[in-house]
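Here's the structure, in structure tokens; my notes come after.
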């Protein structure tokens, strides 16, 4: 297999309202791993979508093995040896691994020889140390296994350059190690890998070359050896001295607002999701649960806020037991869900309706809903929380991510809650909006206790008084953030080592 | 019950199931590609009328069948334009198609009511029809029935063992993934929607040229809807769709036999309710079973228009 | 290659929507003209006959109103359910059940009831019967997630056969003189009529129902919950709304409205159960509901409009010997074109490269 170099020259791409890529140059040498680093919205995925044939650039050219090429589709790009594994897998859940690998291949043209297909897939999988059952249904596989199928698809088509978009977002730490091993094996053969990420530690571990993008431009190109500190990388990504924390003044701690006693629960398929979880959150404190996505946090939050997934133990919210299947909407509890567009708000309704979403029961008199009062309340909230929006009549869909989150926050806080459950509240927000959300949450400590669920250790460390690490559904340990020695244990705990 | 009665009843079962069979296989293909076409009843009626009218005009049964399939396919294409390209609500489009199809068929078919015309005659298959019991039941039928026998395994094989079948299924499950793999989503959906319409037209032609020859208003009596229900009952699998159609044919044959024998245990209008009550029951049963087992549901992208991002 | 592309608008455009209506109506009229030509008739003459048939005299207009009453009620029935994406295709059967319920109470309970109580009672009976019939499908949908389009539709056929069974069988009028049907309802079960016409208080029912629906949907808690459930069931669950229960109530109300239509037909027009009760009002109601975009006031107007098409179509049959089914064709076509024009308000056309 030939070792191919790929170059991007002056790639520019515009979307309505933004300049996603501005004259970007990039070179990938054969046999290397290049990390593409940048914040959310820096343009990394767009650039790679162009390289993999999904988008068309407005200007610039792509050079593969010395000749300029134009890709009209991802299939075109694959013919030149370039393929991408997206964040949201392009897999057909209801079909088998072999069928997914075979989808879109040129041959065989009519008759599928299923047995032969499965044998070939298995052979390739074994060659690369990616154990996978070609007969298994995608829907039955874990996210890590699904990712292996995506990589297998590219290898099956002899991709020379594999682009991985935020591949570790869905993996456990064990699977991450496996992924890195696979990447190294691929690269040893002379292929190349582009690794999109915003996580600094990963970059340092896997990359041969690092390119940093910021606001659509390439701002740096260096080797890991040249990097002085993670802080420097962060500064390159963000462009100014990064505030790696907010001021957190101590606040008096009050009574218990949330308590879990020996709780266990399962996910929708009935598999055990979390077990023997016990902790308490008090007014005035921020209590975080941290862990890699997929370790039971979603089900735990679901159990606390709606009672689903709950099989044993007790959950007491403000002293009252939560019963399985009974959501506790309103009632002095603010819940900021992880999915702000699909669950926390309704895209097609206006902002007034969205504010009413969890406050309408309180506002309704004898069955009627006073729209005028609701509209006024909404306008007030928009002003108080600096939400940039045309007005209470605007649709939720018209708001940016940061402003939508601020609206949801405003709504939940307007209830005067004594308990706030915030699930990944700053996921996908830029640094400015993130800091605003952090400050607002901290301000709430005067009246409430806050349960924060986060995959971002920085966020947890900045905001919390205590941190609980969750791994495979169990709380590995609870640490106080004022104890710097104990904090060193967080890493191992996230990987499954229990606190001594 | 004598043997000859049994053979008679079984034969009627097969005959009564064919229209539903054709229509539901067609709809399986359409829905597997992600398009919900509720207009089957309308397409069947139009097919029945055009089949009859074409056969009358040309004297050729083959042309009649082809005409019916063409008209069914055409109506389905209209549905396709509105749902695939214009991304209108698929449920309402389908309902509109039924209303339009029913109206058109009633309107244009008025002059043909009561006319006697060409019809298919049973054609016994040499050798096979001599087999005791099964012979007369299975192999002394009109040629369209034999077409049905071939259609079911062919449909199954096509769906699961060929590349076009794989592409079709992928488009219905995850059009974004199919699109990335280079499969033309819209074109695939148009193709299979038209195919479904053609089969619905064929079902109609079977009714007007073989089963109850002639043209009568609303001669499908809801079989188009039953076919749609059967697709769900079949969990979008051709073999099970055939089974469902056969069960329906069974209920029909039962009802028919009782009426013909003038066995008045069950009042006649109540008897006529049976096929519909049966359809509801089996629909509930299968839906419940499928929930409990948690597998094999509708194609994930059914009824959802595909928009390429960006 | 420059190809047109559809790009979603952030907020639907009202101007485009009204413009779309205009285009849709013109196109439908055009298509109707084609159909007339196919049948060998002069389109202009045909449309004139229809218009004169519907609006030519006060009597004609009154007939349009009479025809519009069940259409309005069925349209409301379909619309109320469609507001949360529940497709009630069973208005036809629920109408029939409403008629059966009303007639049953009138025929068999009249010796035990004071005269004054009759009308209110059969009104309630009609509503209840239709509501419960719809609830059958509603329960299957809410509890077992069974497709309500198919169940309500199957129940239509069952209802019609039940009706025929009743008036051909156990409830048949022994003195019917060969014209199948039940005995006439007692006079205190008859709706009064506007003198000189056949207009009965069903029109008041329809208008009041429309207003109540409008108020309920826009100003009450329940209406708000419906809005949210329709747009995002996930968000509705997050907000603690009970989706299953809402579906049940909505189906009951929907069936009840259609049941009222049936009761009104029996009590206001036929005065007995006979053939002619199930003539497609339930299906036309779907068209009425969609053409008026599920808006209660629009349904009243559209009901009137469609009724005029139907009455005009009847005239066509009498005067020009064209099958009255042309009305159905016109309605189906109009619905399609409105659906198509709907696209214009949600999307805009962009010229550009097929790939982003």
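Chains as they are written, first to last, in our numbering: chain A, 148 to 647; chain B, 8 to 317; chain C, 259 to 614.
In this text, a Cβ means the ideal position worked out from N, Cα and C, and glycines have one as well.
Taking its Cβ as the centre, do 16 or more other Cβ atoms sit within 10 Å of residue 432/A, making it buried, or is it exposed?
Counting the other Cβ atoms within 10 Å of the Cβ of residue 432/A gives 16 or more, which makes it buried.
Can you pull the chain C residues whose beta carbon is under 8 Å from the beta carbon of residue 484/A, in chain order?
For residue 484/A, the neighbours in chain C by C-beta distance under 8 Å run, in chain order, 496.
What residues from the segment 213-235 of chain A come within 7 Å of chain B, judged by C-beta to C-beta, listed N to C?
Correct list: 220, 221, 222.
Quick one: grab the DSSP three-state call for residue 572/C.
Reduced to three states, the DSSP call for residue 572/C is helix.
Output needed for residue 429/A: all residues of its chain with C-beta closer than 7 Å, excluding positions within five of it in sequence on either side, in chain order.
Sequence-distant partners of residue 429/A (beyond 5 residues in either direction) whose C-beta falls short of 7 Å from its own C-beta, in its chain, are 400, 401, 402, 403, 404, 596.
Which residues, in chain order, does the segment 231-242 of chain B contribute to contact with chain C at a C-beta distance below 9 Å?
Here the close residues are 232, 233, 235, 236, 239.
CB of residue 388/C within 9 Å of CB of residue 516/C, strictly:
Contact flag set, yes.
Using 9 Å as the limit for Cβ to Cβ distance, is residue 403/C near chain B?
So, interface residue.
Starting from the Cα of residue 144/B, find the closest Cα among 308/B, 11/B, 180/B and give me that residue.
Residue 144/B has its Cα closest to that of 11/B, out of 308/B, 11/B, 180/B.
Cβ pair residue 315/B, residue 186/B closer than 9 Å:
Going by C-beta atoms, residue 315/B is nearer than 9 Å to residue 186/B.
Residue 504/A versus 482/C, 569/C, 590/C, residue with shortest Cα-Cα distance:
By alpha-carbon distance to residue 504/A, the top candidate from 482/C, 569/C, 590/C is 482/C.
Can you name, in chain order, every residue of its own chain whose Cβ lies under 6 Å from the Cβ of residue 131/B, other than the five neighbours on each side?
The beta carbon of residue 131/B is closer than 6 Å to those of 147 in its chain, skipping five residues each way along the sequence.
Identify whether residue 284/A lies in helix, strand or coil by the three-state DSSP scheme.
Note: residue 284/A maps to strand in three-state DSSP.
What residues of chain A sit near residue 26/B, judged by a beta carbon separation below 9 Å?
None at all; the shortest Cβ gap to chain A is about 29 Å.
How many angstroms separate the CA atom of residue 200/A from the CA atom of residue 188/B?
Cα-Cα distance, rounded: 11 Å.
Going by alpha carbons, who is nearest to residue 447/A out of 615/A, 358/A, 260/A?
Restricting attention to 615/A, 358/A, 260/A, the CA atom closest to the CA of residue 447/A is found in 615/A.
Tell me, to the nearest whole angstrom, how far the beta carbon of residue 438/C is from that of residue 419/C; I am working on the premise that it is less than 8 Å.
About 14 Å separates the CB atoms of residue 438/C and residue 419/C; that is not less than 8 Å, and the two are not in contact.
Reduced DSSP category for residue 413/A - H, G, I as helix; E, B as strand; rest coil
Here residue 413/A carries a strand assignment [DSSP, helix/strand/coil].
Rounded to whole angstroms, what's the CA-CA distance from residue 14/B to residue 309/B? Just pull it up for me.
Whole-angstrom Cα-Cα distance: 40 Å.
On the three-state DSSP scale, how would you describe residue 180/B?
In the three-state reduction of the DSSP assignment, residue 180/B falls in the helix class, which pools H, G and I.
Give a yes or no on whether 9 Å exceeds the smallest Cβ distance from residue 313/C to chain E.
Note that chain E does not occur in the displayed structure, where the protein chains are A, B and C.
Which chain B residues are close to residue 600/C, counting only those with a beta carbon under 7 Å from its beta carbon?
For a Cβ distance threshold of 7 Å, residue set 95 of chain B lies close to residue 600/C, ordered along the chain.
Contiguous alpha helix (DSSP H) assignments of at least 4 residues, all confined to the segment 211-285 of chain B
Counting only runs of 4 or more, we get 230-240, 245-267.
Along the segment 496-511 of chain A, what residues have a CB closer than 7 Å to any CB found in chain C?
Of all residues in the segment 496-511 of chain A, 496, 500, 503, 504, 505, 507, 511 have a Cβ within less than 7 Å of some Cβ in chain C.
Any chance the segment 461-481 of chain C sits against the segment 508-523 of chain C, with 3 or more Cβ pairs inside 8 Å?
The segment 461-481 of chain C vs the segment 508-523 of chain C: in contact.
Just tell me which of 451/A, 368/A, 310/A has its CA closest to the CA of residue 599/A.
Considering only alpha carbons, the answer is 451/A.
Taking the continuous alpha helix (DSSP H) assigned at residue 305/A, which residues delimit it?
Where residue 305/A is concerned, there is no enclosing alpha helix (DSSP H), because DSSP gives it neither an H nor an E.
Determine, using beta carbons only, whether residue 255/A comes closer than 9 Å to chain B.
With 9 Å as the cut-off, residue 255/A counts as an interface residue toward chain B.
For residue 96/B, does the three-state DSSP call read helix, strand or coil?
Reduced to three states, the DSSP call for residue 96/B is coil.
In the DSSP assignment, the alpha helix (DSSP H) including residue 468/C goes from what residue to what residue?
Residue 468/C -> alpha helix (DSSP H) spans 460-477.
Just the Cα atoms here: how many angstroms apart are residue 188/A and residue 181/B?
If you draw a straight line from the Cα of residue 188/A to the Cα of residue 181/B, it is about 26 Å long.
Once the 5 residues before and after residue 298/B are set aside, which same chain residues still bring their CB inside 8 Å of it?
For residue 298/B, where only same-chain residues beyond five positions count, there are no Cβ hits under 8 Å.
Determine the closest residue to residue 320/A out of 285/A, 627/A, 617/A, 240/A, with distance taken between C-alpha atoms.
Of 285/A, 627/A, 617/A, 240/A, the smallest CA-CA separation from residue 320/A is found for 617/A.
Please report how far the alpha carbon of residue 300/B lies from the alpha carbon of residue 37/B, in whole angstroms.
Each residue's alpha carbon lies about 25 Å from the other.
Compare the beta carbon distance of residue 178/A and residue 435/A with 9 Å and say whether it is the shorter of the two.
Contact flag unset, no.
Is there a Cβ from chain C that is less than 9 Å from the Cβ of residue 493/A?
Yes - at least one Cβ of chain C is within 9 Å of the one on residue 493/A.
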